[in-house]
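Asks: Here you go, one structure.
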Amino acid sequence: MIKMNNIMKQFGEQIVLSDVTFAVNKQEIFGLLGPSGSGKTTIINILTNQLEADNGSKFIGVTPFETGLMLDEDGLYPRLNCLENLHLFTSIYGIPRERALEALKKVGLEDATKKAVNALSKGMRQRLALARAILHEPKVLFLDEPTSGLDPGTAREIHQLIRNLRDNGATIFLTTHNMDEAVKLCDNVALLNKGRIVEHGAPVEICQRHHAIKTVPDLEAVFIKITGVELK
Ligand SMILES: Nc1ncnc2c1ncn2[C@@H]1O[C@H](COP(=O)(O)OP(=O)(O)O)[C@@H](O)[C@H]1O
Ligand SMILES: [Mg+2]
42 MIKMNNIMKQ
52 FGEQIVLSDV
62 TFAVNKQEIF
72 GLLGPSGSGK
82 TTIINILTNQ
92 LEADNGSKFI
102 GVTPFETGLM
112 LDEDGLYPRL
122 NCLENLHLFT
132 SIYGIPRERA
142 LEALKKVGLE
152 DATKKAVNAL
162 SKGMRQRLAL
172 ARAILHEPKV
182 LFLDEPTSGL
192 DPGTAREIHQ
202 LIRNLRDNGA
212 TIFLTTHNMD
222 EAVKLCDNVA
232 LLNKGRIVEH
242 GAPVEICQRH
252 HAIKTVPDLE
262 AVFIKITGVE
272 LK
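Going by my numbering, the first residue of the sequence shown is number 42, and it counts up by one from there.
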């Protein structure tokens, strides 16, 4: 459903991505894992046509309208309430207004429809950003660090929402620097370090390859073993 072949990207003198190649299957949760600055957001920006690669090719199996995107900056209007924010986007997309309330229900914000964005907790804002990303029922969803800065309980709620979307047919591409999250949530992952993919596959298989399964699979140990880099 999503493919990148030998992608190269340079900002000035700095090579940010070198020879990035991976594939994402239909209806899976795929995690791109790497420390801060490793190139995760740059890859999402290239896949969503916000940035052009210097070399290589990419493929997405759906039209741009059939993709949804949730970035770090949530881009919500702080003084408008949840429902008003989503109504803006139903107008822009030219889709039925009812989708706004439906999306809020899907992310568990049905009791906060009249709350202004600037009065929401971080977790609620994140859920609203997710509601906006799924408003037009995309088949492919790109989520850039969807749980960063959230407490473990709220992160688990977001995980369940992501699983529900996958179970309803969506293909999910997400980034994270949290290896535990990846083991619990992702069907397949690619480990990124300094713009290079150093491992990919199912989390448990990767851990087995590197003998990092004692009681629980430990992707973080694998990453440090391969790269010598601590995750942060
Ligand atoms: N527009 C840009 N101009 C120059 N350098 C950039 C730009 N965007 C990202 N970078 C650099 O590219 C590297 C990878 O950034 P990014 O993809 O945001 O990493 P991540 O999302 O993994 O934290 C960083 O060193 C960052 O400073
Ligand atoms: Mg980033």
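Yeah, the Cβ is synthetic: ideal placement off N, Cα and C, and Gly gets one too.
Starting from the C-beta of Asn122, find all residues in its chain whose C-beta is less than 6 Å away, skip the five residues before and the five after it, and write them out in chain order.
Replies: Cβ within range, chain order: Lys155, Lys156, Ala157.
Asks: Can we say the segment 242-250 touches the segment 77-94, given the rule of at least three CB pairs closer than 8 Å?
Replies: Verdict: no, contact absent.
Asks: Whole angstroms is fine: what's the gap from Asp60's alpha carbon to His252's?
Replies: Looking at the two C-alpha atoms, the distance is approximately 27 Å.
Asks: Say yes only if the C-beta of Glu186 is nearer than 7 Å to one or more non-hydrogen atoms of ligand 2, and no if none qualify.
Replies: Yes, the Cβ of Glu186 comes within 7 Å of a heavy atom of ligand 2.
Asks: With DSSP as the reference, identify every bridge partner of Ser98, one or two as the case may be.
Replies: Per DSSP, Asn46.
Asks: Is Ile254 helix, strand or coil by DSSP?
Replies: Correct three-state label for Ile254: strand.
Asks: Skipping 5 residues on each side, what residues in its chain have a beta carbon closer than 6 Å to that of Gly109?
Replies: Ala174, Ile175, Pro179, Leu182, listed in sequence order.
Asks: Quick test of your reading: Lys99 and Lys44, contact by CB under 8 Å. State the CB separation rounded to the nearest angstrom.
Replies: Confirmed, Cβ separation roughly 6 Å.
Asks: For the structure I just gave you, are there three or more beta carbon pairs, one from the segment 202-214 and one from the segment 126-134, closer than 8 Å?
Replies: Too few Cβ pairs lie closer than 8 Å, so no.
Asks: Contact defined as beta carbons within less than 8 Å: I believe Leu117 pairs with Ala170. What is the distance between those atoms, to the nearest angstrom?
Replies: About 7 Å; that satisfies the 8 Å criterion.
Asks: Check the DSSP bridge columns for Gln55 and list the partner residues they point to.
Replies: Answer is Phe52, bridged to Gln55.
Asks: Quick one, are the C-beta atoms of Thr286 and Ile199 less than 8 Å apart?
Replies: The structure shown does not extend to residue 286, since the chain is modelled only from 42 to 273, so the question has no answer here.
Asks: Are Asp113 and Glu186 closer than 8 Å when you measure CB to CB?
Replies: Contact: yes.
Asks: For Arg120, I'd like the list of residues in its chain whose CB is within less than 7 Å of its CB, leaving aside the five on either flank, ordered along the chain.
Replies: Around Arg120: Ala157, Asn159.
Asks: With a cut-off of 6 Å, give the chain-ordered residues whose Cβ is closer than this to any heavy atom of ligand 1.
Replies: Taken from the N-terminal end onward, the list reads Phe52, Val57, Gly75, Ser77, Gly78, Ser79, Gly80, Lys81, Thr82, Thr83.
Asks: Is the beta carbon of Leu233 less than 8 Å from the beta carbon of Gly75?
Replies: In contact: Leu233 and Gly75 (Cβ atoms closer than 8 Å).
Asks: How would you call Gln55, buried or exposed, if buried means at least 16 neighbouring beta carbons within 10 angstroms?
Replies: Gln55 is exposed by the Cβ-count criterion.
Asks: Taking the alpha helix (DSSP H) that Asp115 belongs to, which residues open and close that run?
Replies: Run containing Asp115: none; DSSP gives neither H nor E here.
Asks: Let me make sure I understand the geometry here. Which of Leu58, Ser79, Gly53, Glu69 has the alpha-carbon closest to that of Thr268?
Replies: Measuring from the Cα of Thr268, the nearest candidate turns out to be Ser79.
Asks: Taking Asn234 as part of the beta strand (DSSP E), name the residues at either end of that continuous run.
Replies: Looking at the DSSP string, the run of the beta strand (DSSP E) that includes Asn234 is 229-234.
Asks: Which runs of the beta strand (DSSP E) spanning at least 3 residues fall entirely within the segment 180-232, listed in chain order?
Replies: Whole beta strand (DSSP E) segments, 3+ residues: 181-185, 212-217.
Asks: Taking the beta carbon of Lys50 as the centre, do at least 16 other beta carbons fall within 10 Å, making it buried, or is it exposed?
Replies: Buried, since its Cβ has 16 or more Cβ neighbours within 10 Å.
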